[in-house]
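Each residue of the sequence shown is one higher than the one before, counting from 580 in our numbering. C-beta atoms are modelled at their ideal positions from N, C-alpha and C, and glycine is treated no differently.
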Amino acid sequence: MYPPLSIGTVTCTIRVELVDDDCSSLPARTYKLRLSRLLTQGRALDPAIPTGALVVYVDRAMSLFVYRKYCHRRRGLKLRLEGLLDLRHGMSRFSHQSLRRFAWAAGAASLLVLTGLSWLHQRSESARLLKAWPDAIPSNAQLNAWAMARGRRAFGRYCARCHGDAGEPDPSRGVPDLRDREWLYGSGRVDEIERVVLYGIRSGNSKGWDLASMPAFATANPYARYATPSLSPNELTDVTEYLYSLQHSDADASAAARGIRLFENTSRGLCWDCHGGLGQGDASIGAPNLRDRIWLYGDGSRASIYASIAHGRAGICPAWSGHISPATALAVAVYTHSLSQHPPRQSPPVARNE
């Protein structure tokens, strides 16, 4: 067996087949890179190699040989030496065909080899990543480094349009801060983030988070999932004042008292049903904690609270399942998780994590 050729940190014995009899037409037609079945003899004939194909391999002296498979009338299938390239000294000797043609073939073969080795390495690391328990990846230095590099690139390509390059918030659009440790959906584990990446939030995917949204209580039909009555402008103001009072001492006590009765009402408003009796929220359905100073929309002022109650909220995070590979989705989750491990210092209010 020929010794392996080392390229960087990846080692593999190489055989490349350019399955086309005319080199000049290869870019527009079919070619194959085969690294799974290795040559055991320099002139061994693989039945899968079509007649007329170029066969490229590297021997122990680091010479790249270009053979062509042909059918001899009396001797059957044979490999005919078409060219030779010394990888160590850059020397080349070609026969039967022009130097230009097989210099191109050797260069194309080398490019295919490098591409194939990179593909094999990526595939191997992807398999290792998918076999690992998602929440354990950050503690595995090698897997985490690979996932972080891949996840950072994918995040920049698919997520940065809304979240920015580093997960910055935008409360004017309901874009959460991915850098803090407050999570609207779940508790910030890698596998929970992976689910959001794959299936989204209110994305139309049946596996996504879509159990609740904020009704628009100033409209005739506040909620599409079930019938619930609208609230009058005064009632909206009272509920707003109650929520404002949870974080501010200058709230109107009388309005806040009326607001808490609406908040806890079992027939009108039904705020407690999602947000909990104390307004603590419910991460299992994506209902925010109303007692902290973190706001997905707005700045926690009376005006922004009123706008959310009156007009409703139903932000969307797209589902990337079917658009990116499972390994890439998991890598994005690992990278997103890392953003919250060293949250930046900032003054509230800030937006809440998805």
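Give the single residue among the options whose Cα lies nearest to the Cα of residue i.
{"i": "Ser917", "options": "Cys741, Arg702 and Ala724", "result": "Ala724"}
{"i": "Pro897", "options": "Val776, Ala791, Tyr764 and Asp749", "result": "Val776"}
{"i": "Leu825", "options": "Arg872, Glu771 and Ala745", "result": "Arg872"}
{"i": "Gly753", "options": "Pro717, Ser900 and Ile884", "result": "Ile884"}
{"i": "Glu761", "options": "Leu909, Leu875, Ala889 and Ser880", "result": "Leu875"}
{"i": "Gly894", "options": "Ser792, Ile716 and Glu704", "result": "Ser792"}
{"i": "Leu722", "options": "Phe734, Glu704 and Arg732", "result": "Glu704"}
{"i": "Pro750", "options": "Ala803, Asp878 and Ser900", "result": "Asp878"}
{"i": "Leu857", "options": "Asp829, Leu822 and Arg881", "result": "Leu822"}
{"i": "Ala726", "options": "Cys741, Arg740 and Arg702", "result": "Arg702"}
{"i": "Ser833", "options": "Asp817, Glu843, Ala739 and Arg847", "result": "Asp817"}
{"i": "Asp831", "options": "Ile780, Arg881 and Thr807", "result": "Arg881"}
{"i": "Ser887", "options": "Pro905, Thr819 and Gly783", "result": "Thr819"}
Tell me whether residue i sits in a helix, a strand or coil according to DSSP, three-state version.
{"i": "Trp725", "result": "helix"}
{"i": "Asp852", "result": "helix"}
{"i": "Asp749", "result": "strand"}
{"i": "Arg847", "result": "coil"}
{"i": "Arg707", "result": "helix"}
{"i": "Ala866", "result": "strand"}
{"i": "Arg760", "result": "coil"}
{"i": "Arg872", "result": "coil"}
{"i": "Ile895", "result": "coil"}
{"i": "Ser900", "result": "strand"}
{"i": "Asp878", "result": "coil"}
{"i": "Asp714", "result": "helix"}
{"i": "Asp770", "result": "helix"}
{"i": "Asp817", "result": "helix"}
Cβ atoms of residue j and residue i: under 8 Å apart, would you say?
{"i": "Ala912", "j": "Pro713", "result": "yes"}
{"i": "Glu814", "j": "Leu841", "result": "yes"}
{"i": "Ala862", "j": "Leu763", "result": "yes"}
{"i": "Leu708", "j": "Leu909", "result": "yes"}
{"i": "Ser809", "j": "Pro801", "result": "yes"}
{"i": "Ile555", "j": "Tyr737", "result": "Residue 555 lies beyond the range of the chain shown here (580 to 933); nothing can be said about it."}
Please report the Cβ distance between residue i and residue j, rounded to the nearest whole angstrom; I am assuming they are in contact, meaning their Cβ atoms lie under 8 Å.
{"i": "Asn719", "j": "Ala728", "result": "Rounded, the Cβ-Cβ distance is 14 Å, inconsistent with contact."}
{"i": "Gly765", "j": "Asp756", "result": "Actually they are not in contact, since the Cβ atoms of Gly765 and Asp756 sit about 16 Å apart, beyond 8 Å."}
{"i": "Ala795", "j": "His890", "result": "5 Å"}
{"i": "Thr915", "j": "Phe734", "result": "7 Å"}
{"i": "Ser919", "j": "Arg758", "result": "6 Å"}
For chain C, is any of its Cβ atoms less than 8 Å away from the one on residue i?
{"i": "Ala862", "result": "The question asks about chain C, but that chain is absent: this structure has only one protein chain."}
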